Structures are given as structure tokens and as C-alpha cells.
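Each step along the sequence shown adds one to the number in our numbering, with nothing skipped, and position 132 is 215.
Every residue gets a Cβ at the ideal spot worked out from N, C-alpha and C, and that includes glycine.
Please read all numbers here as calculations on a predicted model, not as lab measurements.
Here the structure comes first, spelled out in C-alpha cells, and everything after it is commentary.
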Amino acid sequence: MNSSEISIPPRLLTVKQYEGAGYSPIIDYNSWRVAILNYIDELKPINLTSMDKHNETDEVFVLLKGEVLLFIGENLKNSLGQIYGITLEPYKVYIVRRGVWHTHTLSKDASVLIIENQDTSNENSTRFLLTNNQKQRIIGLANSLFSGHVNQSMID
Numbered sequence: 084m085n086s087s088e089i090s091i092p093p094r095l096l097t098v099k100q101y102e103g104a105g106y107s108p109i110i111d112y113n114s115w116r117v118a119i120l121n122y123i124d125e126l127k128p129i130n131l132t133s134m135d136k137h138n139e140t141d142e143v144f145v146l147l148k149g150e151v152l153l154f155i156g157e158n159l160k161n162s163l164g165q166i167y168g169i170t171l172e173p174y175k176v177y178i179v180r181r182g183v184w185h186t187h188t189l190s191k192d193a194s195v196l197i198i199e200n201q202d203t204s205n206e207n208s209t210r211f212l213l214t215n216n217q218k219q220r221i222i223g224l225a226n227s228l229f230s231g232h233v234n235q236s237m238i239d
């Protein structure tokens with residue numbers, strides 16, 4: 084730290100970070116939340132078993148480092164239609180609209196910023212269990228979307 088950082092009183096500036104595995108809220112303020120999502124084994128494509136949709140809010144993703152694949156599913160009367168995949172680009176803002184099925188997978192070095200309503204939870208979200216064909220679609224998308232430097236063990 085340089086001397087100007089040391090001299091800032093804590094009542095003026097709070098600095099937080101999260102380097103652990105998985106999801107962690109960083110700050111809740113009024114009706115919104117900022118969180119960090121880092122790699123966790125349960126988000127490997129082969130381990131994905133469901134997609135979620137938030138019934139009351141959009142959800143925002145911003146890639147900070149590594150690679151993140153976002154999977155989006157069409158909503159077919161409380162079922163899951165076509166699944167699409169996109170590779171997030173650093174510092175671009177990706178907004179998953181309210182009521183849209185989604186899930187994601189991360190490279191081991193990845194970190195993504197998530198902004199959502201503070202009360203986003205299982206109580207106001209719906210989960211759809213993936214069929215074997217849908218799981219295979221996600222694995223196939225991951226195989227084609229992850230760049231060459233991502234180890235095959237990230238997908239399987």
C-alpha cells in the first residue's frame with residue numbers, strides 16, 4: 084500500500100474481495116446485491132443438472148477474469164426449449180432478463196461479478212431439471228465455446 088491508501092479513513096471507503104470457491108454476496112444495498120461467482124466443481128458442464136429463471140428480476144453478469152459460458156434457454160410454457168450458449172467477454176454487461184432460463188460454467192481461473200435484486204432466491208425463482216439430451220447439449224456447447232487453452236477436464 085502507498086501512503087495515500089493508508090491515510091483513507093475506513094468510514095470513507097470499504098474494500099471487499101472474494102477469492103473463495105462459488106458464489107458470495109459482497110454488498111447488499113437497498114434492493115440490490117453485488118456478488119462474486121468464482122469457479123466451483125458443481126458448475127462444470129458435466130455436473131450441471133438444472134437451469135433457473137428468476138421470476139421477479141433481471142440478473143447481470145460481468146466477466147472479471149478467466150472464461151465464463153452463459154447458457155440461455157427458451158421458455159416454453161414452464162418448460163425449457165432450445166438452449167443457446169455464449170462466451171462472456173471481459174467488462175461487457177450481460178443482462179439475463181426476468182423469466183429466462185439460464186445457467187453457467189466457469190474456467191478454474193474465472194471470476195464473474197453478479198448484480199441482482201437482494202431478495203433473489205429459490206422462493207422467487209423456478210428450477211428446471213435438465214433431461215439427458217439437454218445435458219448433452221450443454222456439454223456440446225461447452226466443447227465448442229471454450230477456447231483452446233481450457234483443459235478438457237473443465238468440460239467432463
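Please name the residue, chosen from the options, that lies closest to residue i on a Cα-to-Cα basis.
i, options, result
"Q165", "V183, K191, I178, E139", "V183"
"N205", "I197, M134, S114", "M134"
"I169", "L228, T97, R94", "L228"
"L147", "P128, E125, V176, T140", "V176"
"E172", "Y122, T97, L152", "L152"
"D159", "F211, T140, A118", "Reading the sequence as shown, one finds Leu at residue 159 and not Asp. Of F211, T140, A118, the residue nearest in Cα terms is F211."
"K191", "Y122, L213, Q217", "Y122"
"E142", "E150, A118, N161", "A118"
"E199", "R181, E102, G103", "R181"
Distance check for residue j and residue i, CA to CA, integer angstroms please.
i, j, result
"Q136", "Y112", "The question names Gln, but residue 136 in the sequence shown is Lys. Roughly 22 Å separates the two Cα atoms."
"F144", "I91", "30 Å"
"A225", "N215", "15 Å"
"Q217", "S162", "12 Å"
"L96", "L189", "30 Å"
"P93", "I197", "25 Å"
Could you pull out every residue in the same chain whose Cβ sits closer than 7 Å to the Cβ of residue i, ignoring the five residues on either side in sequence?
i, result
"N130", "D124"
"A104", "N121, Y122, I123"
Does the separation of the CB atoms of residue i and residue j fall below 8 Å?
i, j, result
"L126", "H185", "no"
"V195", "L120", "yes"
"Q201", "S107", "no"
"A193", "E157", "no"
"I110", "Y101", "no"
With 8 Å set as the bound, which would you pick, yes or no: does the beta-carbon of residue i sit closer than that to a beta-carbon of chain C?
i, result
"A193", "Among the chains of the structure shown, chain C does not appear; only one protein chain is present."
Using C-beta distances below 6 Å, list every residue in its chain close to residue i, excluding the 5 sequence neighbours before and after it, in chain order.
i, result
"I221", "P128, L131, F154"
"Y167", "I155"
"E139", "N207"
"K99", "I109"
"Y174", "none"
Would you list the one or two residues that DSSP bridges to residue i?
i, result
"I155", "Y167, H185"
"V195", "L120, L146"
"P173", "L146"
"I178", "V143"
Might you give, ordered along the chain, the residues of its own chain that have their beta carbon closer than 8 Å to the beta carbon of residue i, omitting 5 neighbours on each side?
i, result
"L213", "L131, T132, S133, M134, L163, I221"
"Y203", "Looking at the sequence itself, residue 203 is Thr, so the reference to Tyr does not match. Cβ within range, chain order: R116, H137, E139, T140, E142."
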